[in-house]
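Engineer: Handing you this structure, nothing more for now.
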Amino acid sequence: MPQMAPISWLSLFLLFSMIFILFNLMNYFIYLPSMPKSKLSSKIVTKSMNWKW
Numbered sequence: 246m247p248q249m250a251p252i253s254w255l256s257l258f259l260l261f262s263m264i265f266i267l268f269n270l271m272n273y274f275i276y277l278p279s280m281p282k283s284k285l286s287s288k289i290v291t292k293s294m295n296w297k298w
């Protein structure tokens, strides 16, 4: 069985690592969570608190 040179192992490791990182980044940024309809319809009401010293 032939031996692989260390530079070949390094290049394969870098190649598969970059593919793995790209795959995970694409999955992270493509995923859009769906919000429940109750959150979309109700808007956040903020009260203005003016302190009267």
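Under the numbering used here, read the sequence shown as residues 246 to 298, first letter to last. We put the CB at the ideal spot given by N, CA and C, even for glycine. In this text the structure is predicted, and so the values were computed from the model without any measurement.
(1) By the three-class DSSP mapping on this structure, what secondary structure does Y276 have?
(2) DSSP state of K297, grouped into three classes?
(3) Where I264 and A250 are concerned, what is the direct C-alpha to C-alpha distance, given to the nearest angstrom?
Structural biologist: Working from what's here:
(1) coil
(2) coil
(3) 22 Å
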